[in-house]
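Read the structure below first, then the notes.
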Amino acid sequence: MSYQHILVPVDGSEISLAAFEHAASLAKAFGSKLTAISLLAEDPFSGVDFYYVSPIMKDYFIEAQAKAQETLAHVKSTATVHGIEVETQIVKGEVSAEGIIKAAEDLKIDLIVMGSHGRKGVQKFFLGSFAQDVLGNTELPVLIVKK
């Protein structure tokens, strides 16, 4: 089986960057198109009178945007060094499994590669698992890269 378009969500964490490395290797082996996305919550205060919005909240969204851009620039330069072309995109909306699945559908992806932190027990109960949620809510193949 050959994959035509591979999606890898990255958030700057060590495991998401490891997942990107796997996705890049697969893209190179199959000659696939590779897209890296970074999910970014939409600023609920955009368009609101700035007098009523906390500067801390505005700074948070500005920093989140900058971190997403920095992460995507990093994966793009990593791919370039290895001779792989990658498209990057910041996806604004829900930072959730649903956000990843919607991006995959919109981009006509046929494989999702993503990292899993391998949380167990209480940590998994409270923090959940994006990877497990994506796997359980899409018909697309999902490759999970564990730490």
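First residue of the sequence shown? That's 13 in the numbering used here, and the numbers climb one at a time after it.
We put the beta carbon where it would ideally sit given N, CA and C, even for glycine.
Taking the continuous beta strand (DSSP E) assigned at residue i, which residues delimit it?
i, result
"K45", "45 to 53"
"E99", "99 to 105"
What is the DSSP secondary structure of residue i, reduced to helix, strand or coil?
i, result
"H34", "helix"
"F137", "Any reading at F137 is ruled out, since the residue's pLDDT is 45, under 50, leaving its predicted position unreliable."
"H22", "According to the sequence shown, residue 22 is Val rather than His. Here V22 sits in coil by DSSP."
"D122", "coil"
"L29", "helix"
Could you name the residues that DSSP lists as bridge partners for residue i?
i, result
"H86", "DSSP, once it has assigned bridges, lists no residue as partnering H86."
"H17", "K45"
"G127", "V157"
Counting C-beta neighbours from all protein chains within 10 Å, is the total for residue i 16 or more, i.e. buried, or is it exposed?
i, result
"I74", "exposed"
"Y72", "exposed"
"F138", "The predicted position of F138 is uncertain, since its pLDDT is 40 and thus under 50; no value can be drawn from it."
"G127", "buried"
"I112", "buried"
"S14", "exposed"
Over the uninterrupted alpha helix (DSSP H) stretch that includes residue i, give me the two end residues.
i, result
"V146", "142 to 149"
"G111", "109 to 118"
Alpha carbon to alpha carbon, how far is residue i from residue j?
i, j, result
"L123", "H94", "21 Å"
"S28", "S50", "10 Å"
"L46", "K158", "20 Å"
"V125", "A78", "23 Å"
"E82", "I18", "21 Å"
"H34", "I121", "16 Å"
So, does the CB of residue i fall closer than 9 Å to a CB anywhere in chain D?
i, result
"S28", "The chain labelled as chain D is not found in the depicted structure, where only one protein chain is given."
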